[in-house]
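Note sheet for the following structure.
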Amino acid sequence: MKITVFSGSHKGREGNTLLMVEEFLKGAEEAGAETENVILAEKNIRYCKGDFDCWLKTSGKCTLHDDMEVLIPSFMESDVVVFAFPVYFDNIPALMKTFIDRLLPILLPHFVEDGEGGYRHGKRFEKYPKIVVISNSGLPGLSNFQVVSLFFRRFARTLHTEVIGEIYRGEGEVLKVKNLLVKPLVSKYKKLLRNAGRSIVENQEISDELREKLEKTIVPDYLYIKFGNEEMDRMIENKGKRGSEGA
Ligand SMILES: Cc1cc2nc3c(=O)[nH]c(=O)nc-3n(C[C@H](O)[C@H](O)[C@H](O)COP(=O)(O)O)c2cc1C
3 MKITVFSGSH
13 KGREGNTLLM
23 VEEFLKGAEE
33 AGAETENVIL
43 AEKNIRYCKG
53 DFDCWLKTSG
63 KCTLHDDMEV
73 LIPSFMESDV
83 VVFAFPVYFD
93 NIPALMKTFI
103 DRLLPILLPH
113 FVEDGEGGYR
123 HGKRFEKYPK
133 IVVISNSGLP
143 GLSNFQVVSL
153 FFRRFARTLH
163 TEVIGEIYRG
173 EGEVLKVKNL
183 LVKPLVSKYK
193 KLLRNAGRSI
203 VENQEISDEL
213 REKLEKTIVP
223 DYLYIKFGNE
233 EMDRMIENKG
243 KRGSEGA
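Position in the sequence shown (from 1) plus 2 gives the number in my numbering.
Rendered as structure tokens:
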């Protein structure tokens, strides 16, 4: 099984998202998957021009020449693609949306029925990769992912495929905390992420039981908010650098 992650944090390799992706991929690799992690922030991806040239003039080839020329084949050659990103204003970040918009050439221009009373564009390919979503938000709580979850289910329908796993982590900043009390809790969470990677390879799903464990808070909300705000004050004082306590 080939799994390709498209990591969409604007912070690239520095992000909390990457910590989640790394653990997920460890599990997937242990279960025998071939994996790739594409850091979108390191790629040259221009905005879709919106002129439909890829549909009307060039039969499925985008007329922009940038890294999407390599990324679209990587996407289509995968059995599973993972969309990994932080929540930005309750939604996916612009980099991820820019990448997704550029996937237009993998569909056909003509409208077809979707079998559920709606419509979508036809398939250019026989088979599309299955989708896993990995996301984290700065605020605590699963409600931060309402829009994202709805979007990816709808997007999967549009792409003639399905979402086979959603991993959402509120209180995302906790993943980087080095505090001795919090570290073991994060380690436990990382193990669950590895189990999720393994499960996607072995079962093509994340069981309800595992999902429930993954969605449990790592530290109680009131503590995360209290220490988060205190850390914020220290960082403002240190002009952006993390303070020595708690972080
Ligand atoms: C422009 C911007 C918008 C954000 N909007 C939200 C938001 O709506 N809800 C939230 O919980 N966190 C929000 N965050 C916080 C990030 O989701 C959080 O810091 C996350 O851990 C960053 O992940 P990363 O390190 O992988 O980039 C926002 C951050 C930025 C930079």
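Beta carbons: idealized from backbone N, C-alpha and C, even for Gly. Keep in mind that this is a model prediction, so the values were computed, not measured.
At which residues does the beta strand (DSSP E) containing residue i begin and terminate?
i: Ser137; result: Lys132 to Asn138
i: Ala158; result: Unbroken run through Ala158 is the alpha helix (DSSP H), Gln148 to Thr160; no beta strand (DSSP E).
i: Asn39; result: Glu36 to Ile41
i: Leu109; result: Leu109 to Glu115
Could you please give the first and the last residue of the uninterrupted alpha helix (DSSP H) stretch that includes residue i?
i: Lys125; result: From DSSP, Lys125 is part of no alpha helix (DSSP H) but of the beta strand (DSSP E) over Tyr121 to Lys125.
i: Glu24; result: Asn18 to Glu32
i: Tyr191; result: Lys185 to Asn205
i: Val72; result: Met70 to Met78
i: Glu214; result: Asp210 to Leu216
Where residue i and residue j are concerned, what is the direct C-alpha to C-alpha distance, given to the nearest angstrom?
i: Met237; j: Val179; result: 14 angstroms
i: Ala249; j: Glu232; result: At Ala249 the pLDDT is 47, less than 50, meaning the model places this residue with poor confidence; the figure from the coordinates comes in the next sentence. So the two alpha carbons sit approximately 11 angstroms from each other.
i: Val89; j: Leu106; result: 23 angstroms
i: Gly124; j: Val82; result: 20 angstroms
i: Leu113; j: Arg122; result: According to the sequence as given, residue 113 is Phe; it is not Leu. Taking the straight line from one Cα to the other gives about 6 angstroms.
i: Tyr226; j: Glu175; result: 9 angstroms
i: Val188; j: Lys13; result: 21 angstroms
i: Glu71; j: Asn205; result: 31 angstroms
In this structure, how does DSSP classify residue i when only helix, strand and coil are distinguished?
i: Lys59; result: coil
i: Ala249; result: A caution first: Ala249 carries a pLDDT of 47, below 50, which makes its placement in the model unreliable, though a value can still be read off. The answer is coil: DSSP assigns Ala249 none of H, G, I, E or B.
i: Phe229; result: helix
i: Glu173; result: coil
i: Tyr90; result: strand
i: Glu164; result: coil
i: Met101; result: This sequence places Phe at residue 101; Met is not what is there. Helix at Phe101.
i: Ser9; result: strand
I believe residue i touches residue j by the beta-carbon criterion, under 8 angstroms. Please report the beta-carbon distance rounded to the nearest angstrom.
i: Leu27; j: Pro111; result: Their Cβ separation, rounded to whole angstroms, is 35 angstroms, which puts Leu27 and Pro111 out of contact at 8 angstroms.
i: Met22; j: Leu195; result: 6 angstroms
i: Ser80; j: Ile41; result: Not quite, the Cβ-Cβ distance comes to about 16 angstroms (not below 8 angstroms), so this is no contact.
i: Asn46; j: Asp68; result: 5 angstroms
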